[in-house]
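Let me begin by presenting the structure, written as structure tokens, before commenting on it.
2 protein chains.
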Amino acid sequence: MTRKKVKLAFIANDSARKATFKKRKKGLMKKVSELSTLCGIDACAIVYSPYDPQPEVWPSPMGVQRVLAKFRRMPELEQSKKMVNQESFLRQRILKAKDQLKKQRKDNREKEMTQLMFQYLSAGKIMHNISMVDLNDLAWLIDQNLKDINRRIEVLTKNTQSQTQVAAPAVTDVVAKIEDKGQGSHNGQGFDINMDLMHKQNWFMNLMNSGGGGGNETMPFGDVNHQNGFWPNPFFH
Amino acid sequence: MTRKKVKLAFIANDSARKATFKKRKKGLMKKVSELSTLCGIDACAIVYSPYDPQPEVWPSPMGVQRVLAKFRRMPELEQSKKMVNQESFLRQRILKAKDQLKKQRKDNREKEMTQLMFQYLSAGKIMHNISMVDLNDLAWLIDQNLKDINRRIEVLTKNTQSQTQVAAPAVTDVVAKIEDKGQGSHNGQGFDINMDLMHKQNWFMNLMNSGGGGGNETMPFGDVNHQNGFWPNPFFH
DNA sequence: GGATCTATTTATAAGAA
DNA sequence: TTTCTTATAAATAGATC
Numbered sequence: 001m002t003r004k005k006v007k008l009a010f011i012a013n014d015s016a017r018k019a020t021f022k023k024r025k026k027g028l029m030k031k032v033s034e035l036s037t038l039c040g041i042d043a044c045a046i047v048y049s050p051y052d053p054q055p056e057v058w059p060s061p062m063g064v065q066r067v068l069a070k071f072r073r074m075p076e077l078e079q080s081k082k083m084v085n086q087e088s089f090l091r092q093r094i095l096k097a098k099d100q101l102k103k104q105r106k107d108n109r110e111k112e113m114t115q116l117m118f119q120y121l122s123a124g125k126i127m128h129n130i131s132m133v134d135l136n137d138l139a140w141l142i143d144q145n146l147k148d149i150n151r152r153i154e155v156l157t158k159n160t161q162s163q164t165q166v167a168a169p170a171v172t173d174v175v176a177k178i179e180d181k182g183q184g185s186h187n188g189q190g191f192d193i194n195m196d197l198m199h200k201q202n203w204f205m206n207l208m209n210s211g212g213g214g215g216n217e218t219m220p221f222g223d224v225n226h227q228n229g230f231w232p233n234p235f236f237h
Numbered sequence: 001m002t003r004k005k006v007k008l009a010f011i012a013n014d015s016a017r018k019a020t021f022k023k024r025k026k027g028l029m030k031k032v033s034e035l036s037t038l039c040g041i042d043a044c045a046i047v048y049s050p051y052d053p054q055p056e057v058w059p060s061p062m063g064v065q066r067v068l069a070k071f072r073r074m075p076e077l078e079q080s081k082k083m084v085n086q087e088s089f090l091r092q093r094i095l096k097a098k099d100q101l102k103k104q105r106k107d108n109r110e111k112e113m114t115q116l117m118f119q120y121l122s123a124g125k126i127m128h129n130i131s132m133v134d135l136n137d138l139a140w141l142i143d144q145n146l147k148d149i150n151r152r153i154e155v156l157t158k159n160t161q162s163q164t165q166v167a168a169p170a171v172t173d174v175v176a177k178i179e180d181k182g183q184g185s186h187n188g189q190g191f192d193i194n195m196d197l198m199h200k201q202n203w204f205m206n207l208m209n210s211g212g213g214g215g216n217e218t219m220p221f222g223d224v225n226h227q228n229g230f231w232p233n234p235f236f237h
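Taken in order, these protein sequences are the chains called D and W. Every letter in the first sequence is one number past the one before it in full-length UniProt numbering, and letter 108, counting from 1, is 108. Every letter in the second sequence is one number past the one before it in full-length UniProt numbering, and letter 68, counting from 1, is 68.
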């Protein structure tokens with residue numbers, strides 16, 4: 001739909017409903033036709049409307065009769081199997097919508113925490129008005145990021161000094177470094193505190209998302225049973 | 001369809017066909033459901049496939065039976081009326097495709113001529129290897145552009161010097177000016193000959209398409225009976 | 001009421017996981 | 001195979017004529 005996401009409900013306005021009916025009936029018939037052609041299968045469609053006493057059908061009177069005969073020859077029980085009835089159809093769609101909502105919430109939570117993390121880095125001091133819950137999620141997020149950083153460092157050192165095997169710094173090392181920069185001079189060189197927040201986030205997200213390792217595993221906010229963290233994934237309160 | 005415009009024909013590859021079938025059957029059922037809900041009408045769909053002995057139907061066994069009964073009660077003749085049979089359906093689509101082709105050809109011709117026009121402006125001299133046909137179309141195009149320029153000048157002068165009513169230059173005036181620039185110094189200031197061709201076209205097209213007057217009428221390459229031109233629209237040889 | 005024209009939303013073909 | 005993702009094609013709501 002377009003110009004506006006239309007609500008899936010009876011269209012009260014008569015002329016609008018008729019216009020939509022004509023457009024969508026045409027689109028539907030095209031879809032049936034394409035499905036039949038592309039996949040070489042039997043199908044038919046019958047559409048009644050108050051605008052005509054005759055139903056609109058696809059693909060042809062005879063084609064419809066043929067498919068219908070086939071259908072009617074089947075015992076009732078068989079007919080019901082594998083059928084998409086309105087209830088199960090809607091149930092499926094509701095389920096999917098709920099899943100999407102859940103995913104979206106996780107995603108939003110992740111973004112909030114990322115924002116919070118950068119606010120923290122910018123302020124360079126502990127924010128006292130942060131809730132325990134947020135703090136917990138934040139800690140988990142930071143830990144994930146640190147792990148990713150370490151993975152990437154490992155990959156990079158291996159690639160650059162192929163055999164020299166420089167050990168990747170431990171998680172705690174990196175924590176210390178970041179805390180240094182954050183709590184030290186607000187104009188420090190190592191961590192350019194002058195970057196605006198958005199820039200910083202972009203820079204960091206790029207660091208996180210591009211290149212080696214990690215990939216989908218980098219920020220698995222949807223993975224309930226995350227195994228390797230210090231913290232259990234907290235995004236499912 | 002996507003990633004590639006798919007050819008409307010039986011999909012030879014088995015797994016690809018099955019994948020497409022599943023996706024499209026689902027999409028189709030959704031469409032039937034939406035049509036029925038939005039327009040409050042009776043409809044049903046039956047889809048057979050080699051993947052299951054039972055057909056997939058919409059909206060439900062009983063719903064299908066009801067619609068079918070309604071359909072079967074009708075005399076054959078009535079059933080055939082208003083039906084979309086495959087032949088007329090395809091005939092319609094072919095007709096539409098032909099129309100689109102025609103339109104596209106016109107459009108392409110317009111673009112060719114525009115290109116030619118700018119090549120001419122850049123070269124600053126008559127190109128001798130141009131055909132009579134092209135020359136004619138080119139002349140028509142230029143004339144249309146000039147008319148648009150004049151319309152826009154009129155609007156602008158009216159807007160700027162509200163009551164002072166400076167007469168817009170006649171078509172021939174503008175022709176003379178453009179020829180001056182084109183044939184004069186190749187580094188002239190008024191008409192920056194250093195702009196590359198694409199830039200120039202963009203600049204010109206912007207001039208033509210944005211702002212006042214003209215609008216849809218500006219480049220009516222599809223309008224056979226264009227009334228106000230010096231030249232009849234030549235794009236329908 | 002019907003034909004056209006966009007701006008958007010949907011549907012989906014290919015790939016990747 | 002199923003599912004997820006992404007780039008693109010198709011459908012279509014609302015506006016206009």
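The beta-carbon is built from N, C-alpha and C at its ideal position, and this holds for glycine as well. Quantities reported herein were computed from a predicted structural model and do not represent experimental measurements.
- Contact check for LEU35 of chain W against VAL47 of chain D passes: the beta carbons are separated by less than 9 Å.
- Residue burial annotation: ASN145 of chain D is buried, with at least 16 other C-beta atoms found within 10 angstroms of its C-beta.
- For VAL64 of chain D, the CB contacts under 8 Å within the same chain, skipping 5 residues up- and downstream, are CYS44, ILE46, VAL57, TRP58 in chain order.
- About 5 Å separates the beta carbon of LEU28 of chain W from that of LYS31 of chain D, a gap short enough to meet the 8 Å contact definition.
- Here ILE46 of chain D is bridged, per DSSP, to D:VAL57, W:CYS44.
- A straight-line Cα-Cα distance of about 6 Å links PHE10 of chain D and CYS39 of chain W.
- Less than 9 Å separates the beta-carbon of PRO55 of chain W from that of LYS70 of chain D.
- Along the stretch 99-117 of chain D, none of the residues has a CB nearer than 7 Å to a CB of chain W.
- Near chain W, meaning a CB-to-CB distance below 8 Å, the residues of the stretch 34-58 of chain D are GLU34, LEU35, THR37, LEU38, CYS39, GLY40, ILE41, ASP42, ALA43, CYS44, ALA45, ILE46, VAL47, TYR48, SER49, PRO50, ASP52, PRO53, GLN54, PRO55, GLU56, VAL57, TRP58.
- In this structure, the alpha-carbon of LEU135 of chain W lies about 32 Å from that of THR157 of chain W.
- Interface annotation, THR2 of chain D: not in contact with chain W, CB-CB separation never under 9 Å.
- Residue environment for LYS25 of chain D: buried (at least 16 other C-beta atoms within 10 angstroms of its C-beta).
- Scanning its chain for C-beta atoms nearer than 7 Å, with the 5 sequence neighbours on each side dropped, one finds around MET113 of chain D the residues ASP137, LEU138, LEU141, in chain order.
- For the stretch 126-160 of chain D, the beta-carbon criterion of a distance under 7 Å to any beta-carbon of chain W is satisfied by none of its residues.
- Going by DSSP, MET74 of chain D is part of no alpha helix (DSSP H) at all; its letter is neither H nor E.
- Assignment of beta-bridge partners to ASP52 of chain W by DSSP yields W:SER49.
- Looking at the backbone, the Cα of LYS7 of chain W and that of SER15 of chain W are separated by about 17 Å.
- With 16 or more other Cβ atoms from the protein chains shown falling within 10 Å of its own Cβ, ARG152 of chain D counts as buried.
- A direct Cα-to-Cα measurement between LYS111 of chain W and TYR120 of chain W gives close to 14 Å.
- A distance below 9 Å separates the beta carbons of ILE130 of chain W and LEU116 of chain W.
- Here DSSP, grouped into helix, strand and coil, assigns GLY63 of chain W to helix.
- Rounded to the nearest angstrom, the gap between the Cα atoms of VAL155 of chain D and LYS5 of chain W is 40 Å.
- Secondary structure at ILE130 of chain D: coil, using DSSP grouped into helix, strand and coil.
- Taking the beta carbon of ILE94 of chain W as reference, no residue of chain D falls within 9 Å; the closest one sits roughly 13 Å away.
- A direct Cα-Cα distance of roughly 12 Å separates ARG72 of chain W from ARG72 of chain D.
- In this model, GLY124 of chain D and PHE118 of chain D are separated by some 10 Å (Cα to Cα).
- From the beta-carbon of ALA97 of chain W, no residue of chain D is found nearer than 8 Å; the closest lies around 13 Å away.
- A direct Cα-to-Cα measurement between THR2 of chain W and MET127 of chain W gives close to 43 Å.
- In the DSSP assignment, GLY27 of chain D falls within the alpha helix (DSSP H) that extends over 14-39.
- With distances taken between CA atoms, LYS22 of chain D lies nearest to W:ILE41 out of W:ILE41, W:LYS23, W:SER122.
- Take THR37 of chain W, set aside five residues on each side of it, and no residue of its chain has a beta-carbon closer than 8 Å to its own.
- Between the alpha carbons of LYS98 of chain D and ARG105 of chain D lies a distance of about 11 Å.
- Within the same chain, Cβ atoms closer than 6 Å to the Cβ of ARG17 of chain W are found at ILE11, the five residues on either side in sequence being excluded.
- A direct Cα-to-Cα measurement between GLN92 of chain W and SER33 of chain D gives close to 13 Å.
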